[in-house]
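Report on one structure; see the data block that follows.
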Amino acid sequence: MVVKPDAVPQFVAIRTASLDDPSWFNPQVDVWTSDAHPWDQMNPALPKFEKYPPSGG
Numbered sequence: 011m012v013v014k015p016d017a018v019p020q021f022v023a024i025r026t027a028s029l030d031d032p033s034w035f036n037p038q039v040d041v042w043t044s045d046a047h048p049w050d051q052m053n054p055a056l057p058k059f060e061k062y063p064p065s066g067g
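With the working numbering, you'll find the sequence shown wraps up at 67, consecutive numbering, no jumps.
What follows is the structure in structure tokens.
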């Protein structure tokens, strides 16, 4: 349900499919966009990172 990668300790990933009501979750960034499928409709207003965001924030 929750992932805290060692490479970016301030980063917490939540698997929204595990939530009873995913509409309560508001994403802050899109990560691993380099692996995104062409049909994935990401929010254009969110910051994008090909992998993880920089460790400084």
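Glycine residues also receive a C-beta, built at the ideal position from the N, C-alpha and C atoms.
Reduced DSSP category for residue i - H, G, I as helix; E, B as strand; rest coil
{"i": "A46", "result": "coil"}
{"i": "E60", "result": "coil"}
Paired residues, beta bridge with residue i - DSSP
{"i": "A27", "result": "For A27, which the question treats as bridged, DSSP gives no partner whatsoever."}
{"i": "K14", "result": "In the DSSP output, where bridge partners are listed per residue, K14 has none listed."}
Buried versus exposed call for residue i [16 or more other C-beta atoms within 10 Å across all chains shown]
{"i": "V41", "result": "buried"}
Member of the options whose CA lies at the smallest distance from the CA of residue i
{"i": "Y62", "options": "S44, M52, A27", "result": "S44"}
{"i": "H47", "options": "E60, S33, P32, I24", "result": "E60"}
{"i": "P57", "options": "D50, P37, W49", "result": "P37"}
Min CB distance residue i to chain E below 9 Å
{"i": "A27", "result": "Considering every chain present, this structure includes no chain E. It has just one protein chain."}
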